[in-house]
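Asks:
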Amino acid sequence: MLAALLTLGALATLIGLLLGYAAIRFRVESDPVVEQIDALLPQTQCGQCTYAGCRPYAEAIAAGEADINQCPPGGEATIQALANLLGKDPKPLNPEHGEHKEKTVVVIDENVCIGCTLCIQACPVDAIVGAAKQMHTVVTAECTGCDLCIPPCPVECIHVVPLRRDIGNWIWPAPTEDEPQVRTA
Amino acid sequence: MTSHTTGKRDPGGSSFARLHHFHGGLVLPAHSEMSTSLPVAAAGIPDELVIPLQQHIGETAMPLVSPGDTVLRGQMIAAPRGNVSSPVHASSSGTVTAIEPRPFPHPSGMSASSIVIATDGRDTWQPANTALANYRQASPDELLEHIRNAGIVGLGGAGFPTAVKLANATSHGIDLLLINGVECEPYITCDNMLMRERSGEILQGTRILQHILRPKRCVIAIEDGMADAEAAMRQAVAAATTDDIEVVRVPEIYPSGGERQLIRVLTGREVPSSGFPSDVGIVCQNVGTAAAIAQAVIQGRPLVSRFVTVTGEGIRQARNLEALIGTPFSHLVAACGGYTPDVDRLLMGGPMMGFALRSDDIPVIKTSNCILAVGRNEMPPPPPALPCIRCSKCTEVCPADLLPQQLYWFARSGNLDAAQDYSLFDCIECGCCAYVCPSHIPLVQYYRHAKTEIWAQEKQKKAADIARRRHEARQQRLERIRQERSERMAARKQAVAGKTAQRDTAKQDAIKAALERVRQKKAQAGVTPKNVDNLTPEQQQQIEEAERRRQHPPPPGEK
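Protein chains in written order, with the working numbering: chain A, 85 to 269; chain B, 57 to 615.
1) Closer than 7 Å by beta-carbon distance: list the chain A residues that pair up with S164/B, in chain order.
2) Of the residues that make up the stretch 410-426 of chain B, which ones have a beta carbon closer than 9 Å to any beta carbon in chain A?
3) Beta-carbon of F160/B versus every beta-carbon of chain A: anything under 8 Å?
4) On the three-state DSSP scale, how would you describe N153/A?
5) Could you give the DSSP three-state label for N376/B: helix, strand or coil?
6) Can you give, in chain order, each stretch of the beta strand (DSSP E) that sits fully within the stretch 260-317 of chain B and has at least 3 residues?
7) Rounded to a whole number of angstroms, what is the C-alpha to C-alpha distance between V209/A and H184/A?
8) Report the residues of the stretch 196-212 of chain A with a CB closer than 9 Å to any CB of chain B, ordered along the chain.
9) If you run the structure through DSSP and keep just helix, strand and coil, what is Y395/B?
10) By the three-class DSSP mapping on this structure, what secondary structure does G237/B have?
11) State buried or exposed for Q205/A, treating a residue as buried only when at least 16 other CB atoms are found within 10 Å of its CB.
12) Excluding the five sequence neighbours on either side, which residues of its own chain have a C-beta within less than 8 Å of the C-beta of I418/B, listed in chain order?
13) Could you check how far apart the C-beta atoms of T188/A and P246/A are, in whole angstroms? I think they sit under 8 Å.
14) Once DSSP output is grouped into helix, strand and coil, what is the label at N342/B?
15) For N342/B, count neighbouring Cβ atoms within 10 angstroms of its own Cβ and tell me buried if that reaches 16, exposed if not.
16) Give a yes or no on whether the minimum CB-CB distance between Q154/A and chain B is below 8 Å.
17) If you count every other CB in all the chains shown that lies within 10 Å of the CB of E601/B, and 16 or more means buried, which is it?
18) Just the chain A side, please: which residues come within less than 8 Å of K515/B by C-beta, in chain order?
19) Tell me which residues share the same chain as V198/A and place their Cβ nearer than 7 Å to its Cβ, disregarding the 5 neighbours each side in the sequence.
20) If we define contact as Cβ-Cβ less than 8 Å, is T40/A a contact residue for chain B?
21) Under the rule that 16 or more other beta-carbon atoms within 10 Å means buried, what is V266/A, buried or exposed?
22) Mind pulling the chain A residues with CB within less than 8 Å of H505/B?
23) List, in order along the chain, the chain A residues whose C-beta lies closer than 7 Å to that of Q501/B?
24) Helix, strand or coil for F411/B? Go by DSSP, reduced to three states.
25) Would you say P126/A faces chain E, with C-beta separation under 8 Å as the test?
26) For C426/B, write down the residues that DSSP places opposite it in a beta bridge.
27) Does the Cβ of A546/B lie closer than 7 Å to at least one heavy atom of the ligand GDP?
28) Identify which residue in R530/B, L463/B, G150/B and A146/B has its Cα closest to the Cα of G124/B.
29) Reducing DSSP to helix, strand and coil, say where S169/B ends up.
30) Determine, using beta carbons only, whether H79/B and D335/B come nearer to each other than 8 Å.
31) Have a look at C227/A and T221/A and give me their C-alpha separation to the nearest angstrom.
32) Leaving out five residues before and five after A219/B in sequence, what residues of the same chain have Cβ atoms less than 6 Å from its Cβ?
33) Run the CB neighbour count on I49/B, radius 10 Å, all protein chains shown included, and call it buried at 16 or more, exposed below.
34) Alpha carbon to alpha carbon, what distance is there between M408/B and E261/A?
35) Three Cβ pairs or more, each shorter than 8 Å: is that satisfied between the stretch 86-93 of chain B and the stretch 363-380 of chain B?
36) In whole angstroms, give me the CA-to-CA distance for Q580/B and R573/B.
What follows is the structure, encoded as structure tokens:
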């Protein structure tokens, strides 16, 4: 009886120490849940979720302050992925934050641009190049379609255009499925 | 037709007396006699050539000409961009009229950027670069560069740049060079005809490949039932009096012309999933590619034409044509006597793996092996799909050893991760599963959809990662600028404060020093007050007050 108690006690102490050591030795610096949530967000950095970017939104979700249905660019797919990750029930996109639409990019009408640099300051991903009193232009490949550059433009020379579909990013259509007729004898 | 393969490596004997089998496959009617009755003819020079900038896997080529330029046949008109890329050449002489999107042979029916040449009919070659005609003196690197500049890509169908494939192979040890003349898909006979008519060129190309790769063995694989082609190749090998090239006949089972399947049949080796044949010491090249290499190296002529099978019941005189790259399909159809009234639809490629074209105003590209004009009763459209009954017929015929019905469920439900876990990307889209499906489910289309969907998602993810990095970099930059500014402000404030403080202490010190001097002077001079006798008490008090003030001088600020 005593031997058993001692053995178990010693074991418990040993394992406790081991766990304590592991907790210090293998300490994880930041909250991995935030990273995981951030990885699922579309990184548009548009702020439609009311947070200052995708990462702050991810932090808010992780802290339980924000709901998972506040990201219009991600749409249903992102909500579904977040629901899977966090073990929550998926819910429809909150219309307060906007509605999901196909990805677009912006172009600057270079004839109208006056070179005020306001759009450059607004762009969250540095996708607009230009300098004061010089023409600006959008690097289409880097544009996330957040549309944050549009309100600051004093001459309304920034236009939203749909992303061009070409052979490189074409997707085979799924077979059209009429509900298969089940034959009964 | 199940697998009898033991998976054992061929012990390395000199003959392939014992062939292996791949899993599954189908025996299909070949329909090859339709298009092999006539010899190959040149399709002629169309009035307009439309040469797409991307006819290969990899980066799009970069145009070197502009509208208005005159070009010669064989002139490079677009240069490769990056490593995995290929140049394109003018296939006849003429004037560049435009560089613009034009219809392209692709299942999407979309256009692709192309160089349009109005031909002058003279077909003037540009002076050939035959520097490497004596290729045995050349190093493999020189030959690879030459092959790359000749715009040679895999002509079997995939269009992967040949120089890249060979360069990758030379870094592995290669013990078997496989020249693939197994044209297993029904109707297609362009490789068959090439072997009949250009066996010498194929052999020369094979010799060049041997020189580059130095394989232990070399095999030209030909399908059973191509007796004429086999005879021609055997004759060419015999004429070359070489004993290190073997001609091997493989059974006519679709898709034994697939690279992985052919390797399996000949050696029993399994190319690892998502690996390359060079991983198991093998390089496989199509006979057309070998012939193109011979033309490029011996004659100094880049890839500007290819054999194309024009066949089907919708064509009056099915045959093979040697077509210039960029020739519209309609020109080839006209060269074959036009359509029959019975024509129903047009496919590029064979009946199993080909895709429907929306028009014949589409150019021949490097990978166009067959134009199939399907007659109305030739291939009736499949009846509507019925539910999957899990009969597992698809699994029995799958030559890639996959589980097609599982892939179907996953692809259909959008469970793309699971589809990838079940090796979706090992599917070669041969169409065997859909062919045998008793429920007529368009299985391959589900897989193609799932594959392109996965690619699109990966691209999206990559774009998101870039956006995240750029956003973080911007945040950091703004933070750094803010910090630098506040540091600068703080430093300036401190500098100003320091200066004032310094000035003040200097003043104080000067006053103190002056007082000290006065005191010392007094002490030295032994000054004693005068007229201090017989003072009234008021006077005495005044003196005391003055003395007190002198002892405790008020602070300098006070007056």
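Even for Gly, the Cβ is constructed at its ideal location relative to N, Cα and C. In this text, all values refer to a predicted model and were calculated from it rather than measured experimentally.
Replies: Let me spell this out:
1) The residue given as residue 164/B occupies position 108 in the second sequence. Ordered by position in chain A, the residues that pass the 7 Å Cβ test against S164/B are I251 and W254.
2) none
3) Counting from one through the second sequence, the residue named residue 160/B turns up at place 104. Taking Cβ atoms only, chain A reaches closer than 8 Å to F160/B, which makes this a yes.
4) Position 69 of the first sequence, counted from the start, is the residue given in the question as residue 153/A. N153/A: coil per DSSP, three-state reduction.
5) As a first step, residue 376/B must be located in the second sequence, where it is residue number 320. Strand, per DSSP.
6) 273-279 and 302-306
7) Numbered from 1 along the first sequence, position 125 holds the residue referred to as residue 209/A. Numbered from 1 along the first sequence, position 100 holds the residue referred to as residue 184/A. C-alpha separation (whole angstroms): 21 Å.
8) C207, P208, V209, D210 and A211
9) Here residue 395/B refers to the residue found at position 339 when the second sequence is read from its first residue. Three-state DSSP puts Y395/B in a strand.
10) Position 181 of the second sequence holds residue 237/B. If DSSP states are grouped into helix, strand and coil, G237/B belongs with the strands.
11) Position 121 of the first sequence, counted from the start, is the residue given in the question as residue 205/A. With fewer than 16 other Cβ atoms within 10 Å, it is exposed.
12) Here residue 418/B refers to the residue found at position 362 when the second sequence is read from its first residue. Result list for I418/B: P159, F160, P161, P384, F385 and M404, in chain order.
13) In the first sequence, residue 188/A corresponds to position 104, counting from 1. In the first sequence, residue 246/A corresponds to position 162, counting from 1. Right, the Cβ-Cβ distance comes to about 5 Å (below 8 Å), so this counts as a contact.
14) The residue labelled residue 342/B in the question sits at position 286 within the second sequence. Here N342/B sits in strand by DSSP.
15) Here residue 342/B corresponds to residue number 286 of the second sequence, with the count starting at 1. Under this definition N342/B is a buried residue.
16) Translated into the one-based positions of the first sequence, residue 154/A becomes position 70. No, its Cβ sits nowhere closer than 8 Å to a Cβ of chain B.
17) As a working note, residue 601/B is residue 545 in the second sequence. Exposed, since its Cβ has fewer than 16 Cβ neighbours within 10 Å.
18) Counting from 1 along the second sequence, the entry for residue 515/B is found at position 459. Think of a sphere of 8 Å around the beta carbon of K515/B: the chain A residues whose beta carbon falls inside it are N253, in chain order.
19) Stepping through the first sequence from its first residue, residue 198/A is reached at position 114. Per the sequence shown, the amino acid found at residue 198/A is Ile instead of Val. The beta carbon of I198/A sits closer than 7 Å to those of V239, all from its chain and outside the five residues before and after it, given in chain order.
20) With chain A running from 85 to 269 in the structure shown, residue 40/A is simply not present.
21) Sequence index remark: in the first sequence, residue 266/A carries index 182 (1-based). Only weak support is given to the placement of V266/A: the predicted model assigns it a pLDDT of 49, under 50, and the question is left unresolved by the model.
22) Taking the first residue of the second sequence as 1, we reach residue 505/B at position 449. Near H505/B (Cβ distances below 8 Å), the residues of chain A are I255, W256, P257, A258 and P259.
23) Here residue 501/B is taken as the residue at index 445 of the second sequence, counted from 1. The contacting residues are W256 and P259.
24) The residue given as residue 411/B occupies position 355 in the second sequence. Looking at F411/B - three-state DSSP - the assignment turns out to be strand.
25) Absent from the structure: chain E. Protein chains present are A and B.
26) Residue mapping note: residue 426/B aligns to position 370 of the second sequence, counting from 1. According to DSSP, C426/B bridges with T365/B.
27) Ligands are entirely absent from the displayed structure, and the ligand GDP is therefore not among its contents.
28) Position 68 of the second sequence, counting from 1, holds the residue named residue 124/B. Taking only the C-alpha atoms, the option nearest G124/B is G150/B.
29) For this step, residue 169/B is matched to residue 113 along the second sequence. Here S169/B sits in strand by DSSP.
30) Within the second sequence, numbered from 1, the residue matching residue 79/B stands at position 23. Within the second sequence, numbered from 1, the residue matching residue 335/B stands at position 279. Cβ atoms of H79/B and D335/B: not closer than 8 Å.
31) Along the first sequence, read from residue 1 onward, the residue named residue 227/A stands at position 143. Along the first sequence, read from residue 1 onward, the residue named residue 221/A stands at position 137. Roughly 11 Å separates the two Cα atoms.
32) The sequence position of residue 219/B within the second sequence is 163, counting from 1. Cβ neighbours of A219/B beyond the five flanking positions: L200, I203 and R204.
33) Past the edges of chain B, shown from 57 to 615, lies residue 49/B, and the structure says nothing about it.
34) For this step, residue 261/A is matched to residue 177 along the first sequence. For this step, residue 408/B is matched to residue 352 along the second sequence. A straight-line Cα-Cα distance of about 21 Å links E261/A and M408/B.
35) yes
36) As a working note, residue 580/B is residue 524 in the second sequence. As a working note, residue 573/B is residue 517 in the second sequence. When rounded, the distance between both Cα atoms is 10 Å.
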